[in-house]
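J.: Sequence order for the protein chains is A and B.
Reminder that position 216 of the first sequence reads as 216 in this note's numbering, one-by-one numbering, no gaps.
Reminder that position 67 of the second sequence reads as 290 in this note's numbering, one-by-one numbering, no gaps.
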Amino acid sequence: MKSFVTIFSVVLAILFLFYAATPTFAGSSESGKKIFKKNKCIACHQIEGPAREKTIADQMKRKGPELWYAGSKFKAGFIEVWLKNPEVIRPMEYYSITEKNRGDHIKLNSADAADVATYLESLRSGAVKPVGIQPAVDRKGRIIFSKSQSCYGCHQVLSRRGRVVGGLTGPSLIGAGKRLNPDWIYAYMTNSTAFKPVKDMPIYAGILSNTDMAALAAYISTF
Amino acid sequence: MARSLFITVMISTALTLLVAGACVAGAASAPDNYRFYCAQCHGLEGYGDGPNATKNQPVEPRDHTSAYEMGKLTDEDISYVIKDGGIATSKSTLMPPFGKTLTDAEVTELVSYIRKLCNCSAR
Chain A
1 MKSFVTIFSV VLAILFLFYA ATPTFAGSSE SGKKIFKKNK CIACHQIEGP AREKTIADQM
61 KRKGPELWYA GSKFKAGFIE VWLKNPEVIR PMEYYSITEK NRGDHIKLNS ADAADVATYL
121 ESLRSGAVKP VGIQPAVDRK GRIIFSKSQS CYGCHQVLSR RGRVVGGLTG PSLIGAGKRL
181 NPDWIYAYMT NSTAFKPVKD MPIYAGILSN TDMAALAAYI STF
Chain B
224 MARSLFITVM ISTALTLLVA GACVAGAASA PDNYRFYCAQ CHGLEGYGDG PNATKNQPVE
284 PRDHTSAYEM GKLTDEDISY VIKDGGIATS KSTLMPPFGK TLTDAEVTEL VSYIRKLCNC
344 SAR
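(1) For the stretch 202-213 of chain A, enumerate the residues whose C-beta is nearer than 9 angstroms to any C-beta of chain B, in chain order.
(2) Rounding to the nearest angstrom, what Cα-Cα distance links residue 147(A) and residue 109(A) in this structure?
(3) If we count the other Cβ atoms within 10 Å of its Cβ and call it buried at 16 or more, is residue 156(A) buried or exposed?
(4) Beta carbon of residue 185(A), beta carbon of residue 120(A): below 7 angstroms?
(5) In whole angstroms, what separates the C-alpha of residue 138(A) from that of residue 215(A)?
(6) Could you list which residues in chain B have their beta carbon closer than 7 angstroms to that of residue 200(A), in chain order?
(7) For residue 263(B), tell me which candidate among 100(A), 141(A), 131(A) and 140(A) has the shortest Cα-Cα distance.
(8) Measure the beta-carbon distance from residue 187(A) to residue 220(A) and round it to whole angstroms, keeping in mind my assumption that it falls under 8 angstroms.
(9) By DSSP, does residue 92(A) sit in helix, in strand, or in coil?
(10) Should residue 333(B) be counted as a contact of the ligand NAD given a C-beta to heavy atom distance under 6 angstroms?
(11) Below 8 angstroms on the Cβ atoms is my contact criterion, and I expect residue 72(A) with residue 181(A) to pass it. Report the Cβ-Cβ distance as a whole number of Å.
(12) Could you tell me the alpha carbon to alpha carbon distance between residue 95(A) and residue 283(B), rounded to whole angstroms?
(13) Within 8 angstroms, do at least three Cβ pairs link the stretch 328-339 of chain B to the stretch 200-213 of chain A?
(14) Mark residue 114(A) as exposed unless 16 or more other C-beta atoms lie within 10 angstroms of its C-beta, in which case mark it buried.
(15) Please tell me whether residue 339(B) has its Cβ less than 7 angstroms away from any Cβ of chain A.
(16) Just to confirm my understanding: we take residue 165(A), look at its own chain, exclude 5 residues before and 5 after, and list those with CB closer than 6 angstroms. What are they?
(17) Specify the secondary structure class of residue 333(B) as computed by DSSP and reduced to three states.
(18) Given residue 58(A), which residues of its chain have a CB within under 8 angstroms of its CB, disregarding the five upstream and five downstream residues?
(19) Just the chain B side, please: which residues come within less than 8 angstroms of residue 147(A) by C-beta, in chain order?
If you want it as structure tokens, here you go:
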């Protein structure tokens, strides 16, 4: 009996430690969906796939990034943090050549941010396969990014001296490692049309090999 | 019998033409493609002043209105650059490859459009 009490106590202690160490993430997907609807987020963000855009005009009608695969695209926890403090990711207004991003995205309180994040993280796409890309400062990835394809032409990055450099039309890649699921970067490179059939970034499938794109995804994941 | 066959053939032909027309309509015009893809760096009017032409970039995008600069390139050169990127004519890799993004017909139309911007031809 005494040994039973001891084992029971140890199990309880382990369970307590486990839950205490796990970050609280008490968001409710159902509630998040309601908040999403109430705030009219749907006016800018598409939450149902698959992508249906066929022409440039179709894409230009979109006012914000599609979120129907948000749970596959973003790293767990990122959406919640971002919704509480929405810092500019795209320097320009969505697909605009002339207008800078005004940085006026709606800001949510902690409870709402947790709920909406839980809801958005439940939206996933089978086009993102768990290939297991790991962040790596790979020579090949670095050469493709900085030399052979010059991705910084459209995407902001930090220079070696820590200065913000690069173009403005693509989403900034500063902090991409904290924001994006490495497997999503790979999926987006190799099969971009599954996510965005019409986009202003060139299609690289057929230009870079899958091995090159895996190296590139691993490299971007270190940003 | 012959009449119903005639009607069937006519309807099939009309449908085929409709589908073919829809496919052609799916390809974007050169000005639309230019504004969507090229203007990011080359600017809406082609002056090389798009939003990606920031001060910290190692080279400036080509000014497509410059007859002097654009006259150095043949139509083939421009076509190669659009499809394979700047590296195709030993230019900057900041010009990315659009060969898997645009159809050959769209590239040809873009070359003509760019020639209108510079109001020039190859010297």
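For glycine and all other residues, C-beta sits at the position ideal for the given N, C-alpha and C.
T.: Reading it off the structure:
(1) Those residues of the stretch 202-213 of chain A that come within reach of chain B (Cβ to Cβ, closer than 9 angstroms) are 202, 203, 204, 205, 206 and 207.
(2) Taking the first sequence and counting its residues from 1, one reaches residue 147(A) at position 147. Taking the first sequence and counting its residues from 1, one reaches residue 109(A) at position 109. About 42 angstroms.
(3) Taking the first residue of the first sequence as 1, we reach residue 156(A) at position 156. Looking at its Cβ environment, which holds 16 or more other Cβ atoms inside 10 Å, residue 156(A) is buried.
(4) Position 185 of the first sequence, counted from the start, is the residue given in the question as residue 185(A). Position 120 of the first sequence, counted from the start, is the residue given in the question as residue 120(A). No, the Cβ-Cβ distance between residue 185(A) and residue 120(A) is not below 7 angstroms.
(5) Counting from one through the first sequence, the residue named residue 138(A) turns up at place 138. Counting from one through the first sequence, the residue named residue 215(A) turns up at place 215. The alpha-carbon atoms of residue 138(A) and residue 215(A) are separated by roughly 6 angstroms.
(6) Stepping through the first sequence from its first residue, residue 200(A) is reached at position 200. Neighbours of residue 200(A) on chain B, chain order: 259, 260 and 263.
(7) In the second sequence, residue 263(B) corresponds to position 40, counting from 1. The closest CA to that of residue 263(B), considering only 100(A), 141(A), 131(A) and 140(A), is found on 100(A).
(8) Walking along the first sequence from the start, residue 187(A) turns up at place 187. Walking along the first sequence from the start, residue 220(A) turns up at place 220. Contact doesn't hold; Cβ gap of about 13 angstroms is too wide.
(9) Here residue 92(A) is taken as the residue at index 92 of the first sequence, counted from 1. Three-state DSSP puts residue 92(A) in a strand.
(10) As far as ligands go, the structure on display features none, and thus does not contain the ligand NAD.
(11) Here residue 72(A) corresponds to residue number 72 of the first sequence, with the count starting at 1. Here residue 181(A) corresponds to residue number 181 of the first sequence, with the count starting at 1. Right, the Cβ-Cβ distance comes to about 6 angstroms (below 8 angstroms), so this counts as a contact.
(12) Residue mapping note: residue 95(A) aligns to position 95 of the first sequence, counting from 1. Residue mapping note: residue 283(B) aligns to position 60 of the second sequence, counting from 1. Answer to the nearest angstrom: the Cα atoms are 21 angstroms apart.
(13) Result no; under three Cβ-Cβ pairs closer than 8 angstroms.
(14) Within the first sequence, the letter at position 114 stands for residue 114(A). Looking at its Cβ environment, which holds 16 or more other Cβ atoms inside 10 Å, residue 114(A) is buried.
(15) Here residue 339(B) refers to the residue found at position 116 when the second sequence is read from its first residue. Chain A contact via Cβ: absent.
(16) Counted from its first residue, the first sequence places residue 165(A) at position 165. Excluding positions up to five away in sequence, the list reads 159.
(17) Within the second sequence, numbered from 1, the residue matching residue 333(B) stands at position 110. Correct three-state label for residue 333(B): helix.
(18) As a first step, residue 58(A) is located in the first sequence; it is residue number 58 there, counting from the start. These residues qualify, in order along the chain: 52 and 198.
(19) Residue mapping note: residue 147(A) aligns to position 147 of the first sequence, counting from 1. For residue 147(A), the chain B residues whose C-beta falls within less than 8 angstroms of its own C-beta are 316, listed in chain order.
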